[in-house]
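Protein chains in written order, with our numbering: chain C, 1 to 325; chain B, 1 to 378; chain U, 1 to 523; chain F, 1 to 332.
Here a beta-carbon is modelled for each residue, glycine too, at the ideal position from N, C-alpha and C.
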Amino acid sequence: MDKSRGRFSWARILDFAPQLLLVVIVAVAAVVDPRIIAAANMVDVLVQATPIALVALGAMVVLVSGGIDFSPAYGVSLCSVLIGATLLSGGSLIEAMVWGIGGGVVLGLFNGLVIGVLGIPPFVTTFASLTIVQGLTLLLATETLIVQNPTLDALGSGSFGPVPIAVLVVGLVSALVVGVVRYTRFGLRSYALGSNAEAARLSGVPMVRQQVLIYVFSGLMTALAAVLLVGRVSIIAPNIGGISLLLDAITATVIGGTSIFGGRGSVGGTLTGAVIVSLVTNILRVLGVDPSSQEFFKGAIIIVALSAEAGFRALQNRASSAGTR
Amino acid sequence: MKEHSPQSGDDRRWSRRAFLKRAGMTLTLPAISGGIAACGPFAGGGGQSESQGGDEGAVGQGNKTLGFAMINLTLPFFVRMQEAGGEAAKDYNVRTVWQSADGNIENEIAIAERYVQQEQDVILIDPVDAKAFEPVVRQAEEAETPVVTMGNKVEAGWNFNTLYPDYENMATVARALATALDEKGQIAFLVGSRGNYVSDTREAGFKETIEQEFPDIELVSVQPTDFDTAQAQAAVETWLTTYPDLAGIASVSDPLVLAAMNAAENAGRDDILYAGHDGDAEMHPMLKDGSMVIDVLTGAERVGYWNVAVGARIAKGEKFNKELFMPTYFVMADDMASRLADRGLEVDAVTPEEATETAQSYAEEFGPDQPSSAMSVG
Amino acid sequence: MSDRPPQDVRTLELIGVGKSFPGVKALDNVSLEISSGEVVSLVGENGAGKSTLVKVLAGVHEPDEGSIRIDGHQARLQNPDDARAAGISVIHQHFSLVPVLSVAENMFLGRELRLGRSGLMRRRAMLREARRLLGELELDVDPATPVERLTVGQRQMVEVCKAMLGRAWLIVMDEPTSALSTRERDQLYALIGRLVERGVAILYISHKMEEIFHLARSAVVLRDGRHVGDADLSTTTEADLVEMMVGRQVEEVFPRTEARSGDVVLRVEGLDDGGLLRDATFSVKSGEIVALSGLMGSGRSEILEGVFGLSKLRGGKVEVAGEVLEAPSPAALAARGVAFIPEDRQEAGIVPAMSTQHNLGLVWTRGRGRAGFVNPRAERTMVRSLIQSLNVRPPNPDSAVESLSGGNQQKVVLGKWLATDPRLLLLDEPTRGVDVGAKSEIHKLVGELKTRGVAILMVSSELPEVLGVADRVVVMHEGRSVAELESGATEQEIMRHALGSAERAPAEHIDKRDDAGESENDG
Amino acid sequence: MRDIRFGPQVVRQMLLLVTTCLIGLAFGVASPGFLSLGNFLNIGLQTAVISIIAFAMTCVIVAKGIDLSVGSTVAVAGIIGALTLQAGLPPLLGLFAILLAGVGVGALNGFLITVIGVSPFIATLGTLALGRGASLSLSGASSIDVGQPLVLWFGSSQLLGVPVSVVLSLVLLVLFWVLLNRTVFGRWVFAVGGNAEAARASTIPVRWTQFLTYVLAGLAAGVGSVITVGRLGSAQPLAGEGLEFAAITAVIVGGTKLSGGEGSIVSTFLGAVLVGVITAGLSFLGVRQEITYIVTGVLILLAVLTNQVGVSRPALWLKKLGRVRGPEGGAE
């Protein structure tokens, strides 16, 4: 019995691996350069984590269902440009939201239908739609758009007391996503699809509809990320977001404990992952690492972090298997 | 602060009708693509008919074709460049083809090689790297296809280089910013991405000038942005909290400066001086109110128009030197220019108003009615 | 609500059902009738058409001939939804549960309780319903546990509950006990009893004669896709039923082959893996079959894994042909002519997408041919002769192994090792889930190896198999080798040693170990 | 003796070939210059590196892995090679240095994945950033001249009018085919991807096999780097940008599933050629870049779709489409 309790605590520690990782990184950062953990900088880290977090939440659900979605890379650009162009052509904010969010949903619908109905693997489908979206964005945007909308500005860069509104919004969206993941059948079925697709099919889960919904969800998150970006950045070029945002988001998801083989992933972990990615970028900025080496260090930090986590997991497995045998 | 919020009179570019047309297109295209996807393996025809129209137009008029091999067509500068290039093509009655390498150097070479194969009349390359394009220029030489390399000097003998003095211009920008700051204090610099020739050259010009000539100016940080305004904004946000005394921000490209201003505005900072490059019209209000010290007018539109003009003239048999220089202008408000002059820095600059005129009058500056000599200074 | 016992008697009739696939007539004129509250057994060799019939009932295949009548009305089962709607539920050999979801979530997957027509689930209500149903069926499972933490047996029960929740009145069970421990099997029997009381009909598919006779009233016998006949099990003997299935008399399912035993090939002493296995000592001579017997979880399979180097040993000595191996590893063992045929052929035996030839050559190719190249001609020759001697059907070396029947797959797994001419064969449950005909074929093969002087160490849960073929039986209890019996021992003798000593009868204790073993095995 | 019948792989290869020819023909009709020997050689030249890396990627994917780092490996290997040459090492050693650097990155991937246990996708995503960063910082973000004729030969010369790189890619096509289909290692790759448990039980060194597939991918990236350096006359820190996606696309268009255990080198080659033809053809048409993006995306989807003929049919799609809006699962 004692053994089993020991094993449980191991398992519980592992559940918080992303959070532990965050703590370790913050601790190391504090030693290296105290400016990093200054309150104002930490707020920056959080604000800069918001678009990553939103895209990552979409990516998490897709990964949980055993798929992958590359299209948010330029999907964010497309939605941002749609919003900006609507506003600049004299449309109301509501109109702009409809276009922007509509764009994300249509993108998700396209992905979902091609994957679900035509049966083309998600990797190729979303890679192809990424290319298509890039073309569409360029067709639509011929230059940098400068958006000044008080509501969007407040959303992107205002703050409520000491807390930036963007962070509040992401908190709210995350709470909703927690609800969706835990309390709707959409969430349940997404996990089922990723963990054992055959079982889900045999249980009567409508597979095509479920897949369409999953990619629409990802498209919706893409669009929300675009809304926040437009609010915060205001200067929208057709290359806003792009591959680097997507890679950050997927890295965040995986650091947060989502398995890319489906079935596993949590909102809390994903958010932590987003903060970690944002923090690592921030640390490199604050330390003034040479631009040529930034990518190198980012890659190195991520590899070290994941290796530590994987090593930890292996240790834990060994401990637990020794415990039961 | 509000008065220099970077809102410009750009609404004209975004008429409601144009937007609806474009947005409509954006949403119908997936449907069309889907349609193509549904009708089976002969969709190759979809792409084909699309272009035939274009081809016919070209062949029908019997005019020359210029092939552009670009690093990237998604960046704002290139987007504008291509737009103005289109105008030039109309004025010069040539057809232009613009293809993007998406940042991949092998792709760009492949595009250039295909242009040789396709017997384009002139090939214009915006080279990721000067060395790497020597082999393909030699290929073009064998096919006797003229080549113009843009913005980055390729020494292969055969090609024309269309250049503007990036390094020197950025050195002047550095001097202007430093002088405006009384030659002391902390500044930071936003670059595009490492390995990008234009960004690297401008960075070197700026950085080396500051280091050599202004010992009391501290360049605290250089951040890469991938030319993405969102990343630029994030970098500046970090600076503003990490370096509370930051007094100046410069960048290799104007949209990044806009993002920096936006970040500063959000942080409630209105005491920072900016300096940029490109000469975008959006910067004029800030030049006038004194928050922006200096800008360099190359002008994406001018660059686009100029290169097409040079290409078209070469195609039609005009003779040029191997190196052509496009006149660039420093843009400064009058009071800023006199302030700097008081402190001993004379910069031969135009006012924002003049710059607007110059930037928009590229069609006259490099139009078909001009003599060959108008294509280059010096 | 959804799980009340149906009041009236329902019936399903298949009348002259036939189904063809390109080149094969999988089902030919099969008729079957089953109604509420009865257990009917479906028997036949692998490849006899049982799975096709199950798929017809599950709505996966639609028959080309004949008709299906439910409660006397013509019915069409075009897709799984139709079958579900008709109240038919199939419990597959490979579970259709989602490991990461909880028991309750699994039970309600696809038919979640919602608030009105919204997408919101009533989690608490689902949990409550699940708990109530589990309680009614007297199952001791917490509905909030993730399914991946359940034992195989518990998962089976959850599957049944899930079917009940879907108002199934006909549950098809496809070899449900093949991976269960004795205790779990008994629990399943009890559950079936309760289901029958509630008026559920059960179509029970199994190879095990004893449970067919124990549970079912009648049996429907299939052979080569044809309906051979129905057997009233109260009047039919086991031998008759087997004859109906096989179409000939099977003299002996477990034939004994005589051979001269020679030198000791394997000697183990004090084997201990720090887990289930504590202390095992015995030896195997060439030309001899030694069976390891004992309850599940008594460390039988762990011996084979330990000897073959698949798990790390903490203590003890493994000696192969007089050579003591310091750290046994699969490669080292294979190099010394030891072959291991694992228990779960889907999981650890075959590579499904590979061809029969490549599966058979998997071990053989190593070290043969020059510089790491495969010699295709030699491999072809080897494979052809193996296919012939193993009687693999269809005998096409290029067909993917996943398309073969279970028995034939098992032959391929066996053949993979036979190709290497082993001197010691480690067999883990060689005939589990294999039909009678293939069982006898496999043992004929093992017998042949024995006459050729191969030493064979076999783990089997089936006592008739142990008693039938083994020259000696080593009985395991709680990780220790407690007895060594010569051939001719009785089932009672083995069981007495396996349970420790009969007097103490620590049955409950054993059950606990039992479960632990299970969860290890499927983890 | 051996009965001749077309397995699914052969059918797929035929389909790919026919699709490629049809698309090529369509482009040819649209712009006649497309159907010329010179252009075909050009397509070969431009596809050479992609297909070489796609061959190794096929091995990685068959063994149930993925390697996203190959693009930056091409860059970092080239830079390291150029630096050793700059340091005065003989050309032959420089050549080896490039290959060795590729193998090194591959080994790092293999180590992270098989020893540490990081998932392949994320491990190689990490080395992707690492490699790109390393090549930028080692080179100071600028290209390094390479002048040694021996090093340049592979990427810049011709054999009987055919570019050496094309010849090399064809030789590697044969070598990789032999490796996967005629060697014990090839069997292991399929077995490991098809059922790692069974492979382990068959005394196959599973991790070692996986490790070697990543080393192979690194080596292939090294070969790709040699060609690229020759083609560019210099080592470029930004070489190989996006190459990983090009290679994976070729593999998938060739019909290999990402779930492992299945795959064919010939199909991958055809996939690479098909993508090459599409890219070159669209370039020949001279349409706007935006349209090129859109059409490329659609054509790739189409190419994968035609591969699946027999697996999924329009009728089935309609049926599935009907189910999107269909009634409650199970309820009806």
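query, result
"3-residue-minimum beta strand (DSSP E) runs that sit fully inside the stretch 369–455 of chain U, ordered along the chain", "424–428"
"CA-to-CA distance, P330 (chain U) to T182 (chain U), given in whole angstroms", "31 Å"
"Ranges of the alpha helix (DSSP H) found wholly within the stretch 148–220 of chain B, counting only runs of at least 4", "166–180 and 197–213"
"Neighbourhood of P352 (chain B) by C-beta, 7 Å cutoff - its chain only, sequence neighbours within 5 removed", "H284, L287, K288, V331 and A333"
"Sequence-distant residues of its chain with Cβ nearer than 6 Å to Q52 (chain B) (five each side left out)", "Since pLDDT at Q52 (chain B) reaches only 32, below the 50 mark, its modelled position is unreliable, and the value read off the structure follows with that caveat. Once the five neighbours on either side are set aside, Q52 (chain B) has no close Cβ partner at all."
"Min CB distance R288 (chain F) to chain U below 8 Å", "no"
"Where S355 (chain U) falls, given that 16 or more other Cβ within 10 Å makes a residue buried", "buried"
"CB contact check: M458 (chain U) to chain F, cutoff 8 Å", "no"
"Contained beta strand (DSSP E) runs [length at least 3] in the stretch 179–266 of chain U, N- to C-terminal order", "201–205, 218–223 and 226–232"
"L93 (chain C), enclosing alpha helix (DSSP H) - first and last residue", "L93 to G116"
"Cα-Cα separation between E143 (chain C) and A337 (chain B), rounded to whole angstroms", "30 Å"
"Contact with chain U by F190 (chain F), beta-carbon distance below 8 Å", "yes"
"Residue-chain proximity (E401 (chain B), chain C), Cβ-Cβ < 8 Å", "The question about residue 401 (chain B) has no answer here: the residues shown for chain B are numbered 1 through 378."
"Strand pairing of I146 (chain C), partner residues [DSSP]", "C:I235"
"Contact between the stretch 336–348 of chain U and the stretch 180–188 of chain F (3+ Cβ pairs under 8 Å)", "no"
"A56 (chain F): contacting residues in chain B (beta-carbon distance under 7 Å)", "Within 7 Å Cβ-Cβ: nothing; A56 (chain F) doesn't reach chain B, min ~18 Å."
"Reduced DSSP category for P164 (chain C) - H, G, I as helix; E, B as strand; rest coil", "strand"
"Which residues DSSP lists as bridging L273 (chain B), in chain order", "B:G248"
"Separation of A86 (chain U) from S67 (chain U), as counted between CA atoms", "15 Å"
"Stretch-stretch touch, CB-based, cutoff 8 Å, three pairs: the stretch 271–288 of chain U with the stretch 66–84 of chain U", "no"
"S31 (chain U) burial status per 10 Å Cβ neighbour count (16 or more: buried)", "exposed"
"Residue span of the beta strand (DSSP E) that contains F282 (chain U), given as start and end", "A280 to K285"
"Proximity test, Cβ basis, 8 Å: P237 (chain F) and chain B", "yes"
"Nearest residue (CA-CA) to A235 (chain B), options C:S89, C:D44, C:Q19 and C:E95", "C:D44"
"Span separating the alpha-carbon of L232 (chain F) from that of V128 (chain B)", "11 Å"
"T73 (chain F), enclosing alpha helix (DSSP H) - first and last residue", "V70 to Q86"
"Identified DSSP bridge partners for L114 (chain U)", "The question names Leu, but residue 114 (chain U) in the sequence shown is Arg. Per DSSP, U:M121."
"For L292 (chain U), three-class secondary structure by DSSP", "strand"
"Straight-line gap, S129 (chain C) to F190 (chain F) (C-alpha atoms, nearest Å)", "31 Å"
"Assigned exposure category for W417 (chain U) - 16 Cβ within 10 Å defines buried", "buried"
"Proximity below 8 Å, CB of R69 (chain U) to CB of Y183 (chain C)", "no"
"Touch test, the stretch 117–133 of chain C against the stretch 65–73 of chain C, Cβ-Cβ under 8 Å, three pairs minimum", "yes"
"Contact belief for F406 (chain B) with S193 (chain B) at Cβ below 8 Å, rounded distance in angstroms", "Given that chain B is displayed from residue 1 to residue 378, the structure contains no residue 406 (chain B) and the question cannot be resolved."
"Those residues which DSSP pairs with K19 (chain U) across a bridge", "U:L27"
"Chain-ordered neighbours of S119 (chain F) on chain C, where CB pairs are closer than 9 Å", "V254, S259, I260, F261, L306 and A310"
"Straight-line Cα distance separating R185 (chain C) from L120 (chain U)", "7 Å"
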